[in-house]
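The sequence shown runs 366 to 842 under the numbering used here.
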Amino acid sequence: MTTAIRHRNSEDWRRQTEAVLGYLASPAYRAVHFVGIGGVGMAGLAHLMHEAGYEVTGCDLLEGPTIQWLRGQGIPIQIGHEADHLQGPASWVVRSPAVPLHHPELVEAAAQQMPVIDRGALLPAWMHRYARSIAVGGTHGKTTTACMILHILETLGVASAYVIGGLPAGHSGVAGGGGLDVLVAEADESDGSLALYKPTVAVITHTELDHVDYYPTEADLHHVYRTVIGQARVASVIPVEAAEDLATPGVDVRTFGLSEAAHYRAMALEQNGGQGMHFSLIQDGAQPLPVSVSAGGKHNVLNALAALAAVDALGLDRVAAAAALASFRLPGRRFDVVLEARGITVVSDYAHHPTEIHALLEQARQWGAKRILGVFQPHRYSRTRQFAREFAGALRGLDGIGLVPVYSASEPFVDGGRSEDLYATMRSMGIHHVVLYDSLPDAWKAIRADLMEGDLLLVIGAGDVEKIAVWAADELA
Numbered sequence: 366m367t368t369a370i371r372h373r374n375s376e377d378w379r380r381q382t383e384a385v386l387g388y389l390a391s392p393a394y395r396a397v398h399f400v401g402i403g404g405v406g407m408a409g410l411a412h413l414m415h416e417a418g419y420e421v422t423g424c425d426l427l428e429g430p431t432i433q434w435l436r437g438q439g440i441p442i443q444i445g446h447e448a449d450h451l452q453g454p455a456s457w458v459v460r461s462p463a464v465p466l467h468h469p470e471l472v473e474a475a476a477q478q479m480p481v482i483d484r485g486a487l488l489p490a491w492m493h494r495y496a497r498s499i500a501v502g503g504t505h506g507k508t509t510t511a512c513m514i515l516h517i518l519e520t521l522g523v524a525s526a527y528v529i530g531g532l533p534a535g536h537s538g539v540a541g542g543g544g545l546d547v548l549v550a551e552a553d554e555s556d557g558s559l560a561l562y563k564p565t566v567a568v569i570t571h572t573e574l575d576h577v578d579y580y581p582t583e584a585d586l587h588h589v590y591r592t593v594i595g596q597a598r599v600a601s602v603i604p605v606e607a608a609e610d611l612a613t614p615g616v617d618v619r620t621f622g623l624s625e626a627a628h629y630r631a632m633a634l635e636q637n638g639g640q641g642m643h644f645s646l647i648q649d650g651a652q653p654l655p656v657s658v659s660a661g662g663k664h665n666v667l668n669a670l671a672a673l674a675a676v677d678a679l680g681l682d683r684v685a686a687a688a689a690l691a692s693f694r695l696p697g698r699r700f701d702v703v704l705e706a707r708g709i710t711v712v713s714d715y716a717h718h719p720t721e722i723h724a725l726l727e728q729a730r731q732w733g734a735k736r737i738l739g740v741f742q743p744h745r746y747s748r749t750r751q752f753a754r755e756f757a758g759a760l761r762g763l764d765g766i767g768l769v770p771v772y773s774a775s776e777p778f779v780d781g782g783r784s785e786d787l788y789a790t791m792r793s794m795g796i797h798h799v800v801l802y803d804s805l806p807d808a809w810k811a812i813r814a815d816l817m818e819g820d821l822l823l824v825i826g827a828g829d830v831e832k833i834a835v836w837a838a839d840e841l842a
């Protein structure tokens, strides 16, 4: 993507968000239709609007658990894409980024001169409804950190609405009410819309390059991070390693990490057999505060630090906040143990970036398995091509590697971004314990035949590779 296109998109985002603010303030726009409502980001927003009294309808290509959850809330949803879906009461349309503009509903909306808004413009506008808000963005750890923040707030009795890109433990859906005091929102940086947020507290979990289909360089991504940091009304929370690069004059920026320079620092880290972590929190030179978090791995210590810094910025009691983390449970598909049977453990994990896979393997090694096997589904062609050697280096640590076809997430094909290309890169790097499969069923058939007592199988990726974890739980239990 060229710089000119990127700037044009930035201006378009702002125009759309301004339009949404007008729709939300007008009684003429109380009915809205979601095209691609089954996506996790779309579903959360649809639920919040329905809960707030808007007349919400939607459609999607396929049935699924999210569709069933929304229908259970009373939202009418049609399967398939047809122009007559807009014959209902809707006065405007929200479009999933996975739905191209030539889809029948969007063509019909244009014919009716009905406003069409991209999903990314809606949440920043919706956030204005709340007295306080926390927006969580970053390359890795957004969902877990947002869930930690939500858990702390709820444990401390702070009624909180939320919209998160995963299922918080103990909740029935990816979004929920809680009044208009606090909103905890996972803020997507993938398309530049993160720059639209003006939260009470902005949290950036990691700043490593990703979404290379939109950001040609790390500098482009960091520009968006600096924008949202500068727009936080009270404080921003960032990794200490990024302090110099993301410095924003006139903003209360609070850093977290493992170094002495961090405002929120973790010391004396102890693993609990892959099941959790213990550490001491040092906050701006204060006396150490013991913290236990029931989520394994150093990466979850960093997530916990970011969460504690965020709720501290809201003025919550730091001792009570730290104590709340002891009862935290990871959201779905974050080191999600779906099976322990016949001496075999199967874990499903959303990791889809090399750094996330490194963290996953670090946590997996704490289990003491005889073999750690993995089946990996790359997510997006552009990411697979950009980070092929990094993916290879991360996956090398597995005792056996299965590759399945790329999950495109509606991205057009990018030359050099297939699983076959990643396989070739791995072989060229001397990684020979890798097998390329044509499909998920083929991979599961071969992997199941190879599993033995003492194995830990990691099902890795952000697409539909989780089907293998479901099959494993069904067939091996």
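For every residue, glycine included, the Cβ atom is placed at its ideal position computed from N, Cα and C.
Task: Expected contact under 8 Å - CB spacing of T613 and G595 to nearest Å - done: Within the sequence shown, numbered from 1, the residue matching residue 613 stands at position 248. Within the sequence shown, numbered from 1, the residue matching residue 595 stands at position 230. Between G595 and T613 the Cβ distance is about 5 Å, and since that is below 8 Å, they are a contact.
Open item on the list: Just to confirm, is the Cβ distance from F756 to F778 under 9 Å?
Closed with: As a first step, residue 756 must be located in the sequence shown, where it is residue number 391. As a first step, residue 778 must be located in the sequence shown, where it is residue number 413. The answer is no: Cβ separation not under 9 Å.
Open item on the list: Buried or exposed for M632, going by 16 or more other Cβ atoms inside 10 Å?
Closed with: Indexing the sequence shown from 1 puts residue 632 at position 267. Under this definition M632 is an exposed residue.
- [ ] Put Y388 into one of helix, strand or coil per three-state DSSP.
- [x] Against the sequence shown, residue 388 aligns to sequence position 23. Shown here, Y388 sits in a helix according to DSSP, grouped into three states.
- [ ] Output the distance between the C-alpha atoms of I722 and L760, rounded to the nearest integer angstrom.
- [x] Locating residue 722 in the sequence shown gives position 357, counting from the first residue. Locating residue 760 in the sequence shown gives position 395, counting from the first residue. Each residue's alpha carbon lies about 7 Å from the other.
Task: Own chain partners of A689 with C-beta closer than 6 Å, once the 5 adjacent residues on each side are dropped - done: Taking the sequence shown and counting its residues from 1, one reaches residue 689 at position 324. Answer for A689: I517, T520, listed in chain order.
Open item on the list: For V566, tell me which candidate among V605, T620, Y772, A675 has the shortest Cα-Cα distance.
Closed with: The residue labelled residue 566 in the question sits at position 201 within the sequence shown. It is A675.
Task: Integer Cβ distance of A463 from S775, believed to fall under 8 Å - done: For the purposes of this step, residue 463 is taken as residue 98 along the sequence shown, with counting starting at 1. For the purposes of this step, residue 775 is taken as residue 410 along the sequence shown, with counting starting at 1. A463 to S775, Cβ: 4 Å. Contact.
Open item on the list: By DSSP's criteria, I603 is part of a beta bridge. Which residues make up the other side?
Closed with: Here the question's residue 603 lines up with position 238 in the sequence shown. DSSP lists T620 as partners of I603.
Task: Whether V421 touches A448 by CB criterion (9 Å) - done: Along the sequence shown, one-based indexing puts residue 421 at 56. Along the sequence shown, one-based indexing puts residue 448 at 83. No; because the gap between Cβ atoms is not below 9 Å, this pair is not in contact.
Task: Close-in-space but distant-in-sequence residues of the same chain around R598 (CB under 6 Å, 5 per side omitted) - done: Indexing the sequence shown from 1 puts residue 598 at position 233. The answer, listed in chain order, is T565.
- [ ] Compare the beta carbon distance of R630 and I647 with 9 Å and say whether it is the shorter of the two.
- [x] Within the sequence shown, numbered from 1, the residue matching residue 630 stands at position 265. Within the sequence shown, numbered from 1, the residue matching residue 647 stands at position 282. Against a cut-off of 9 Å, the Cβ pair of I647 and R630 comes out as a contact.
- [ ] Report all residues from its chain with a CB closer than 6 Å to the CB of A396; omit the five preceding and five following residues, and keep chain order.
- [x] In the sequence shown, residue 396 corresponds to position 31, counting from 1. Taken in chain order, the residues that qualify are E420, P454, A455, S456.
TODO: Note down the Cα distance separating D803 from P430, rounded to an integer number of angstroms.
DONE: Locating residue 803 in the sequence shown gives position 438, counting from the first residue. Locating residue 430 in the sequence shown gives position 65, counting from the first residue. Roughly 26 Å separates the two Cα atoms.
- [ ] Tell whether a beta-carbon distance below 9 Å holds between L738 and D815.
- [x] Residue 738 sits at position 373 when you count from the first residue of the sequence shown. Residue 815 sits at position 450 when you count from the first residue of the sequence shown. A contact, by the Cβ cut-off of 9 Å.
Open item on the list: Let's test the definition: count the other Cβ atoms within 10 Å of the Cβ of V656 and tell me whether it reaches 16, buried, or not, exposed.
Closed with: For the purposes of this step, residue 656 is taken as the residue at position 291 of the sequence shown. V656 should be labelled buried.
- [ ] Use the C-beta contact count for V684: other C-beta atoms within 10 angstroms, 16 or more gives buried, fewer gives exposed.
- [x] By one-based count along the sequence shown, residue 684 stands at place 319. With fewer than 16 other Cβ atoms within 10 Å, it is exposed.
- [ ] Could you name the residues that DSSP lists as bridge partners for E551?
- [x] If you number the sequence shown from 1, residue 551 lands on position 186. According to DSSP, which records beta bridges pairwise, E551 is partnered with V501.
Task: C-beta contact flag for A669 and F700 at 9 Å - done: For the purposes of this step, residue 669 is taken as the residue at position 304 of the sequence shown. For the purposes of this step, residue 700 is taken as the residue at position 335 of the sequence shown. It is not a contact, given that the beta carbons lie outside the stated cut-off.
TODO: Go ahead and pull the three-state DSSP assignment for R460.
DONE: What you label residue 460 is simply residue 95 of the sequence shown in a count that begins at 1. DSSP places R460 in strand when its eight states are reduced to three.
- [ ] Buried or exposed for A486, please, with buried defined as at least 16 other CB atoms from any protein chain shown within 10 angstroms of its CB.
- [x] Taking the sequence shown and counting its residues from 1, one reaches residue 486 at position 121. Its Cβ being crowded by 16 or more others within 10 Å, A486 is buried.
Task: Contiguous alpha helix (DSSP H) assignments of at least 4 residues, all confined to the stretch 430-456 - done: 430-437
TODO: With distances taken Cα to Cα, identify the nearest neighbour of A496 among A526, T510, V405.
DONE: Here residue 496 corresponds to residue number 131 of the sequence shown, with the count starting at 1. Measuring from the Cα of A496, the nearest candidate turns out to be A526.
Task: First and last residue of the uninterrupted alpha helix (DSSP H) at I517 - done: Counted from its first residue, the sequence shown places residue 517 at position 152. I517 -> alpha helix (DSSP H) spans 507-520.
Task: Proximal residues to A626 (C-beta, below 8 Å), its chain only, five neighbours per side dropped - done: Translated into the one-based positions of the sequence shown, residue 626 becomes position 261. V605, A608, T620, listed in sequence order.
Open item on the list: With three or more C-beta pairs closer than 8 Å as the rule, is the stretch 373-393 touching the stretch 430-447?
Closed with: no
Task: G557 to D786 span [Cα, whole Å] - done: Along the sequence shown, read from residue 1 onward, the residue named residue 557 stands at position 192. Along the sequence shown, read from residue 1 onward, the residue named residue 786 stands at position 421. Cα to Cα, G557 sits roughly 28 Å from D786.
- [ ] Jot down the residue ranges of each uninterrupted alpha helix (DSSP H) in the stretch 738-819, minimum 4 residues, whole runs only, in chain order.
- [x] 746-751, 753-760, 784-793, 805-815
Task: Inter-residue spacing [alpha-carbon to alpha-carbon] between V523 and R380 - done: In the sequence shown, counting from the first residue as 1, residue 523 sits at position 158. In the sequence shown, counting from the first residue as 1, residue 380 sits at position 15. The straight-line gap from Cα to Cα measures roughly 34 Å.
Open item on the list: Just to confirm my understanding: we take L822, look at its own chain, exclude 5 residues before and 5 after, and list those with CB closer than 6 Å. What are they?
Closed with: As a position in the sequence shown, residue 822 is number 457, starting the count at 1. Once the five neighbours on either side are set aside, the close Cβ partners of L822 are V711, L738.
- [ ] Can you tell me the Cβ-Cβ gap for I601 and A550, rounded? I've got them flagged as a contact below 8 Å.
- [x] Mapped onto the sequence shown, residue 601 falls at position 236. Mapped onto the sequence shown, residue 550 falls at position 185. Correcting the residue type first, residue 601 is Ser in the shown sequence and not Ile. The pair is not a contact, with the Cβ atoms about 15 Å apart (cut-off 8 Å).
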